[in-house]
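A.B. asks: Here it is, the structure, as structure tokens.
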Amino acid sequence: MVRMAERLPQEWEIDYEDLGNVFSRARIQSSNACVFTAMALCVWPCNCYENANKDEPDLMWDLDLYARLDLADAWAILGPVNWHAPTSNLKLMLDRLVCTNGGNPREELIDHKNPEKAMRLERSPEWGELSVNHLEGRTVGFFC
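Following the working numbering, the numbering of the sequence shown begins with -9 at its first residue and continues without gaps.
As structure tokens, this is what we get:
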């Protein structure tokens, strides 16, 4: 990751992060699969966990990854391959980013996590305007 960043044009602003499991550091929490109940229940950015939560620390919030990914023009994701598949941390991060593609940007419309309100919202005319790809136009590259 560092070697790749050093080879990019000097005028580029580079932001990189190691998402590996480090002892006593928060980890990326698993997805709560809100989207399987209703896409409107899946909030952008993910509201299943909170920033600086002592009971359920979450690396996605602790490192402000939602805002950092939102600001980026491109992402390069590097990681090892374990048993012919991406690492669990990469898979967890991608699961948590389901909310980027059509997630609800207004959680107050569903009282944080009310499934009945989310399903009603999803059937409303307003949902078409709310349900957008929040990171449209970005480029992502995977290097394994």
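We put the CB at the ideal spot given by N, CA and C, even for glycine. Every value quoted in this text rests on a predicted model; they were computed, and no experiment measured them.
1. Quick check for students: name the residue ranges of the alpha helix (DSSP H) that lie wholly in the segment 46 to 132, counting only runs of 4 or more.
2. Out of curiosity, what's the CA-to-CA distance linking GLN0 and LEU9?
3. By the DSSP assignment, the alpha helix (DSSP H) with GLU(-4) in it spans what residues?
4. Please classify GLY118 as buried or exposed, where buried requires at least 16 neighbouring CB atoms within 10 angstroms.
5. Within a Cβ cutoff of 7 Å, which residues of the same chain sit near ARG113, ignoring the five residues on either side of it in sequence?
6. Should ALA66 and ARG128 be called a contact, given that it needs their Cβ atoms to be closer than 8 Å?
7. I'd like to know whether the C-beta atoms of GLU162 and ASN11 end up nearer to each other than 8 Å.
8. Whole angstroms are fine: how far does the CA of GLU7 sit from the CA of CYS24?
9. Sort ASP45, PRO115 and ILE18 by Cα distance to LEU84 and report the nearest one.
10. Decide yes or no for the touch test of the segment 42 to 59 against the segment 98 to 113: beta carbon pairs closer than 8 Å, at least 3 of them.
11. Could you tell me the distance, in whole angstroms, from the CA atom of SER14 to the CA atom of ASP45?
C.D. replies: Taking the structure as given:
1. 49 to 52, 55 to 61, 78 to 86, 105 to 112 and 116 to 120
2. On the sequence shown, residue 0 is found 10 positions in, with the first residue counted as 1. On the sequence shown, residue 9 is found 19 positions in, with the first residue counted as 1. Each residue's Cα considered, the two are about 24 Å apart.
3. Residue numbering aside, residue -4 sits at position 6 when the sequence shown is read from its first letter. Segment -8 to -3, the alpha helix (DSSP H) holding GLU(-4).
4. Residue 118 sits at position 128 when you count from the first residue of the sequence shown. Looking at its Cβ environment, which holds fewer than 16 other Cβ atoms inside 10 Å, GLY118 is exposed.
5. Within the sequence shown, the letter at position 123 stands for residue 113. The beta carbon of ARG113 is closer than 7 Å to none in its chain, skipping five residues each way along the sequence.
6. Numbered from its first residue, the sequence shown carries residue 66 at position 76. Numbered from its first residue, the sequence shown carries residue 128 at position 138. Taking 8 Å as the Cβ cut-off, ALA66 and ARG128 do not qualify as a contacting pair.
7. Outside the shown range of the chain (-9 to 134) lies residue 162, about which nothing can therefore be said.
8. Here residue 24 refers to the residue found at position 34 when the sequence shown is read from its first residue. Here residue 7 refers to the residue found at position 17 when the sequence shown is read from its first residue. Their backbone Cα atoms lie some 26 Å apart in a straight line.
9. One-based indexing of the sequence shown puts residue 84 at position 94. Closest option to LEU84, Cα to Cα, is ILE18.
10. No, because fewer than three Cβ pairs between the segment 42 to 59 and the segment 98 to 113 fall closer than 8 Å, the two stretches do not touch.
11. Translated into positions along the sequence shown, residue 14 becomes position 24. Translated into positions along the sequence shown, residue 45 becomes position 55. The alpha-carbon atoms of SER14 and ASP45 are separated by roughly 14 Å.
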